[in-house]
Amino acid sequence: MTIMDSLFKKAVRLIPDKAPDPLIGAERQVGRSLSRVDGPLKVTGQARFAAEVPFKNLVYAATKYSAIARGRIASIETEEAKQAPGVLLVMTHENAPRMPAPPLMMKDPKGASGSSLPVMQDASIHWNGEPVAVVVAETQEQADHAVSLVRVKYDAQPARTDFDRLKSEAHEPENVLGEPSRIAIGDAEAALAAAPVRIDNIYRTPRHNHAAMELHVITVAWQEGGIIVHDTTQMVHLTRSTLAEVFGLPEEHVRVLSPFVGGGFGNKGVWSHQVLATAASQVVGRPVRMVLSREGVFRATGGRTLTEQRVALGAKADGTLAALIHTGIAGMTDHNDCPEQFTFPARHLYAAESMLLRQEIVELDMVANTFMRAPGESVGTFALESAMDELAEALSLDPIELRGRLEPAKDPASGLTFSARHLLEAYRRGADRFGWDKRNRVPRAAIDGDWLIGQGVATATYPYFRMPGGSASIKLTAEGDAVVSMASHEMGMGTATVQAQTAAERLGLPVERVTFEYGDTALPHGTLAGGSSQSASIVAAVMAANDVLVKELLKLAGNDSPLAGLKPRDLEARDGGLFHREHPARGETYVSILKRANRSEVVCEAAAPQPMEMLKYSMHSYGAQFCEVRVNRITGEVRVSRFVGSFDTGRILNPKTAASQFRGGIIMGLGLALMEHTLFDSRSGRIMNPSLAEYHVPVHLDVPAIDVIWNDIPDPHSPLGLHGIGEIGITGVGAAVANAVYNATGRRIRDLPITLDKLL
Amino acid sequence: MKFTINDEVIDLTLDPRMSLLDLLRERLHLTGTKKGCDQGACGACTVLVDGERINSCLALAVQYEGCAITTIEGLGTAGDLHELQRAFIEHDGFQCGYCTPGQICSAVGMAGEIRRGVPSAVTGDLETDAIDLSHDELRERMSGNLCRCGAHNGIVQAIQETFAPKAKP
Amino acid sequence: MNPFDYARAGDAAEAIRLAGGRADAKYLGGGTNLVDLMREGIEHPTHLIDVSRLSHEIAARDDGSVLLGAAAKNTAVAADPVVRERFPMLTRAIVAGASGQIRNMATVAGNMLQRTRCLYFYDDAARCNKRTPGAGCDAMEGFNRFHAILGGSDACVATHPSDMCVALAALDAVVHLQGPQGARSIPFAELHRLPGGRPDVETELGTGELIVAVELPPLAAARHSTYRKVRDRSSYAFALVSIAAALEVGADGKVADVRLALGGVGTKPWRALAAEAVLRGAAATEETFRKAAEVELQPAVGLSDNGFKIELAKRTIVHTLASLCPGVRT
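Going down the list, the sequences are from chains A, B and C.
Heads up: the first sequence begins at 1 in the numbering used here, then just goes up one per residue.
Heads up: the second sequence begins at 1 in the numbering used here, then just goes up one per residue.
Heads up: the third sequence begins at 1 in the numbering used here, then just goes up one per residue.
Shown next as structure tokens:
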């Protein structure tokens, strides 16, 4: 951290707090369990995804991927493919349009790309699976066949593909998502060595794939010097700026639409396929649809990287920590910036007299790894929370009691005040719900026939984020309806539903009168759907737009209105209008204001203020994950029989969709714990299970009824008191399962996934 | 080549390589049926052929000449929802909505299998035709339909409420 | 997928005529494996003869046998009341495989002829002796956790992935064939070949030869039979180890009759004849079961990742036999 950064951070703490959102605690619309507004479209198959947009003269693309990890294309034979029926274009590095490298996500403020490599611009190969040729044909069948006729000869070079062999070369990156890669408080190694109780182990987590059900797809057309892009993306505006840069277009000549996204989980940004399809469309002069095969998704879009982590805990007899060490290595490439921030949970969770938290990376030749649901926290909590369970065991302490003794008064790493932290309350409520007091602490003590039964618990944690740069508009009509717009995203989180609710609350309208528009760069500037930030980002922007709207309405209302002479701070929105806070009868409806002003509508737009709250406070969500497993004593098969997630995530906006978000995270966590593993052959650098048959995600029978509860205590420093909840559900689950497996079997598995062979 | 799709007779010529899924999506613009893997591994493409659920991605369309095919579009419309579609909304049996048409078609096909007494991997007594649509039976029978958002609980509740309202949870 | 000619056969004779003895013609059943392999570029027939509308009949005979038409769907076979009564292990094996949708498509013959799920077989960038004889095998020192511990060769250790076939192996099924040279019947055990030096030649079928039916001979012991599948997730996954077992214990407490076959561990559906020999006539005790399992797995060879299957198979054999034998607990 530079001195300027440090001074800035200190200065920020002195800025007075903004007044809390007056709607914290409001419950006219917020807090209602509404069913999804897009439900009827989704259950009837009428929700139109990016691969489903019809175009006249549409043609289809297929991609060939490299079979080596590093080297050069010696020759590429395309003649046979060109002669195949229906083929319009065979594009390789030899004839692809010249394009600059796409700007990298997180590094470049305009970047959405998962990799900073230029796309198909020269003969060099950077990973096994890099696209080397694209065929465009009249039908998908023709394109698929023709691409199989492209023959490539390679000059292979030695590749960096073996993590175990290369990890000795690991080094600290410049920073980890803007945070220091190393935090040292005191001499943790010395304190560890002197501690009476020590836990010191290595934990390993493998590569994962997001495996969203919708394949990556783009339908793109060049129109009047610009492009119209139907994409499946978590970041329409960043996709726009990325493609604008690659194709040398003004941003306003690029329109990106993404009204429905069939799951994202972090990897629906820009990868090579959007660039290739857009280039191909430019060359053939026709709209192009490119649907990656499932294999293509594994080869050409990134997943979560692998990690090897050390957690060492030095405890005193009372359980308090003399030393907390969490270090480790993640694989990364030299063309992305996603170091998998697995030490972040340890920066905020526990009080310790000394700390050493350090992350390193080792560069590998592989598809750029990327952000996947709770990057860092998901796999970091596996290591940290497994170790905490091991410490509780070593101390003969109940693991919840141990957490109570380690609760910090302020953020241990940053020293900041917590904005809202009620982790122990989540533990208390979760323990009640789960029946934790009935657990037998002795491993291998509970048996039901062939099945050993065990229970485990772990802490969940994920930061609060609000992204800068978002704007929203509000249109009020003479009929008293509102259309609220922001180019945000609905990937299943419930955005379309929940943001209609929050806007209705803000405007004092029934939710039926509010429509929330999103997923289109023609709308006011949206922030990306990532980092569990979107809800706060939208609500803050809508709040800003509403502030402008109220002023505008006061102007329109004029001197004949009951509102005459009142200031915005005197007013509250309710019953379809603005009313005096202290004189409930004094006010006027929107319909009446617009009618007197003879206006058919009023539209206001504003940008959200900078997220200063994130600099002033340590803002995190928390949870306690309770798991019961049954482990077959003959075969080692693990079945999750019960699960309770108890969360502390600020205000919950819609219990129905929130419960689904939490459950969804937990279920992905069960996959992480028990089965998910991208098989990367370290000899070839090739992913060997690029398939949903061989990359296992949980099926229905793997998923028990999952109970989720929440504190619902608002954060006084966030819009509506809310925290985003898309990611916290997956955190802590790996450890909760591993801890339950330990309780069932007496076997401690520190190497994910926990497959049955590890328990035989 | 003739097909009956959602009670409508369709007559067209086909590339024999075309899957039933691509016929529906690319030729007939019946895009409610989804492509999730094109490998028979996810169930998003599930449709009903003569009442039985199949993966349309593994089906060469030519093989199904003359068959009656029902897709999600044939089960209900936004204005006139199938009972199961309504239950999916009520129980939040989806998030992104991409696996949803396949889940719904699969569940309708599954209900027919239950009525016909088709056993499953978790059926205890193979000699009975009266299968209790328990939580385990339902989850096992729906395991060919992946969901990555994690809407499994809501899906199972919706199906149970629709097809086995009295079954034990 | 390469272009191909498609023709639908009304009966076996027509199918054989349509195939015309071409080596590059393939019979198409439910397509659940062949279509996938064609799309992956692993199979590239020039002619597809659709035999999915051939006999679906499931005929129960008075002698206790059952004849399955080659085009009978997996679901239909599993659900057939006579199959459930006489050969419950077959029903259990079928419903342990794939998904409801796939079982509604897949045919008896197609299931028998499905190809391995070896990751290196499926990837044309990898070396595979099954795809390209003599090319080498990348599985031997690669990801081989799913691979065979029995019946492998230096050339290939790919497993046969079928569940149904494990039951057919245990039940001494007979495969009825028809081909350009006429009709013949072979024991199921002889249908699949061990890989040896030619893992690309997987069955004894001649060019143009078609499976028309599978016969399940009468077997009293099969009424008391089951199928246990162990896999990485609780459903919709291929077997790590599976056991088809039928056990008849006499009043004297001795094994009167037994059939045992293993899945997930062999390069072909694995009939456990050595174990059966130990079991037959011996006291039905856990000790006997364990001895039988040890004998059967004695020749097993583990690679870097799949060695656990040896112990897993033994345990599953013992436990599955015990589950058929109420007096024995493990």
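Beta carbons are placed, not taken as given, at the ideal position from N, Cα and C, and that holds for glycine.
Bear in mind the structure is a predicted one, so any value in this text is a computation, not a measurement.
> When DSSP builds the beta bridges, which residues end up paired with Gln309 of chain A?
Replying inline: DSSP, once it has assigned bridges, lists A:Tyr203 and A:Gly328 as partnering Gln309 of chain A.
> So Tyr427 of chain A is in the alpha helix (DSSP H); what residue range does that whole segment cover?
Replying inline: Its alpha helix (DSSP H) spans residues Leu423 to Phe434.
> Residues of chain A with a CB under 7 Å from the CB of Ala237 of chain C: which are they?
Replying inline: The CB of Ala237 of chain C comes closer than 7 Å to the CB of His696 in chain A, given here in chain order.
>> Measuring only the C-alpha atoms, how far is Val156 of chain B from Ala693 of chain A?
In response: So the two alpha carbons sit approximately 22 Å from each other.
> Sorry if obvious, but does the Cβ on Phe680 of chain A come closer than 6 Å to a heavy atom of the ligand GDP?
Replying inline: This structure does not include the ligand GDP; it has no bound ligands of any sort.
> Roughly how many whole angstroms lie between the Cα atoms of Gln282 of chain A and Leu672 of chain A?
Replying inline: Gln282 of chain A and Leu672 of chain A have their alpha carbons spaced roughly 41 Å apart.
>> Under 7 Å, Cβ to Cβ, is there at least one residue of chain A near Lys168 of chain B?
In response: Caution applies to Lys168 of chain B, whose pLDDT of 48 falls short of 50 and renders its modelled position unreliable; the value that the coordinates give is listed next. For Lys168 of chain B, no CB of chain A lies under 7 Å from its own CB, so it is not counted at the interface with that chain.
>> If the cut-off is 8 Å on Cβ atoms, which residues from the segment 44-72 of chain A count as contacting chain C, listed in chain order?
In response: Listed by position along the chain: Ala67.
> Helix or strand or just coil, what does DSSP make of Ile183 of chain A?
Replying inline: Judged by DSSP in its simplified three-state form, Ile183 of chain A adopts strand.
> Do three or more CB pairs link the segment 683-698 of chain A to the segment 38-46 of chain B at distances below 8 Å?
Replying inline: Result yes; three or more Cβ-Cβ pairs closer than 8 Å.
> Roughly how many angstroms separate the alpha carbons of Leu553 of chain A and Leu507 of chain A, rounded to a whole number?
Replying inline: One C-alpha to the other measures close to 12 Å.
>> Any contact between the segment 474-490 of chain A and the segment 234-254 of chain A? By contact I mean 3 or more CB pairs, one from each, below 8 Å.
In response: Using a C-beta cut-off of 8 Å, the segment 474-490 of chain A makes contact with the segment 234-254 of chain A, since at least three inter-stretch Cβ pairs fall below that distance.
>> Quick check on the DSSP output: what are the complete alpha helix (DSSP H) runs of length 4 or more inside the segment 55-112 of chain C, in order along the chain?
In response: Correct list: 74-79, 81-86, 88-95, 100-105 and 108-112.
> Taking all protein chains shown into account, do 16 or more other C-beta atoms lie within 10 angstroms of the C-beta of Pro326 of chain C, making it buried, or fewer, making it exposed?
Replying inline: Exposed, because fewer than 16 other Cβ atoms sit within 10 Å of the Cβ of Pro326 of chain C.
> By a C-beta neighbour count over all protein chains shown, 10 Å radius and 16 as the cutoff for buried, is Asn306 of chain C buried or exposed?
Replying inline: It is buried - the Cβ of Asn306 of chain C has at least 16 other Cβ atoms within 10 Å.
>> With distance defined between alpha-carbon atoms, name the residue in A:Val37, A:Ala736 and A:Val699 nearest to Trp436 of chain A.
In response: Nearest of A:Val37, A:Ala736 and A:Val699 to Trp436 of chain A, Cα basis: A:Ala736.
>> If you measure between the beta carbons of Pro408 of chain A and Glu245 of chain A, is that distance less than 7 Å?
In response: No, they are not a contact pair.
>> Assuming contact is defined by CB atoms lying nearer than 7 Å, are Gly380 of chain A and Phe342 of chain A in contact in what I supplied?
In response: Going by C-beta atoms, Gly380 of chain A is nearer than 7 Å to Phe342 of chain A.
> Which chain B residues are close to Phe4 of chain C, counting only those with a beta carbon under 9 Å from its beta carbon?
Replying inline: In chain order: Pro16 and Arg17.
> Ordered along the chain, which non-local residues of its own chain (more than five positions away) have a Cβ less than 7 Å from that of Thr70 of chain B?
Replying inline: For Thr70 of chain B, same chain residues with a beta-carbon under 7 Å away, outside a window of 5 residues either side, are Asn6, Val47 and Leu48 in chain order.
>> Between Met1 of chain B and chain A, is any beta-carbon pair separated by less than 7 Å?
In response: Chain A places no beta carbon closer than 7 Å to that of Met1 of chain B, leaving this residue out of the contacts.
> Where in the segment 115-203 of chain A do unbroken runs of the alpha helix (DSSP H), each at least 4 residues long, occur, reported from the N-terminal end onward?
Replying inline: Scanning the segment 115-203 of chain A for uninterrupted alpha helix (DSSP H) segments of 4 residues or longer gives 140-147, 163-166 and 188-194, listed from N- to C-terminal end.
>> What would DSSP say about Arg289 of chain A, mapped onto helix, strand or coil?
In response: Here Arg289 of chain A sits in strand by DSSP.
> Can you name the residues of chain C whose CB is closer than 8 Å to the CB of Met752 of chain A?
Replying inline: The question names Met, but residue 752 of chain A is Leu in the sequence shown. Within chain C, not a single residue places a beta-carbon under 8 Å from that of Leu752 of chain A; the smallest gap is close to 13 Å.
> For Val241 of chain C, is the classification buried or exposed, using 16 other Cβ atoms within 10 angstroms of its Cβ as the cut-off for buried?
Replying inline: Here Val241 of chain C is buried. Its C-beta has 16 or more other C-beta atoms within 10 Å.
>> Tell me the rounded alpha-carbon separation between Leu722 of chain A and His348 of chain A.
In response: Between Leu722 of chain A and His348 of chain A, the C-alpha separation is close to 19 Å.
>> Does chain B have any CB closer than 7 Å to the CB of Gly526 of chain A?
In response: No, no contact with chain B.
> Under 8 Å Cβ-Cβ, which residues of chain A neighbour Arg53 of chain B?
Replying inline: The contacting residues do not exist; Arg53 of chain B stays about 14 Å from chain A at best.
> Grouping DSSP H, G and I as helix and E and B as strand, with all else coil, what is Gly263 of chain A?
Replying inline: Coil at Gly263 of chain A, not helix or strand.
> Can you name the residues of chain A whose CB is closer than 7 Å to the CB of Gln85 of chain B?
Replying inline: What Gln85 of chain B touches in chain A: Val43 and Thr44.
>> Between which residues of its own chain and Arg98 of chain A is the CB-CB distance below 8 Å, once the five residues before and five after are set aside?
In response: In the same chain as Arg98 of chain A, and ignoring 5 residues on each side of it, the C-beta atoms closer than 8 Å to its own belong to Gln121, in chain order.
> Is there at least one Cβ from chain A nearer than 7 Å to Ala322 of chain C's Cβ?
Replying inline: Chain A has no Cβ within less than 7 Å of the Cβ of Ala322 of chain C.
> Where DSSP assigns a beta bridge to Phe321 of chain A, which residues make up the other side?
Replying inline: Per the sequence presented here, residue 321 of chain A reads as Leu, with Phe not at that position. Leu321 of chain A is bridged by DSSP to A:Ala315 and A:Ala352.
>> Taking its Cβ as the centre, do 16 or more other Cβ atoms sit within 10 Å of Leu391 of chain A, making it buried, or is it exposed?
In response: By the 16-neighbour rule on beta-carbons within 10 angstroms, Leu391 of chain A is buried.
> For Val270 of chain A, which beta-bridge partners are listed by DSSP?
Replying inline: DSSP lists A:Ser113 as partners of Val270 of chain A.
> Can you find a C-beta in chain A that's less than 7 Å from the C-beta of Met142 of chain B?
Replying inline: Yes, because at least one Cβ of chain A sits closer than 7 Å to the Cβ of Met142 of chain B.
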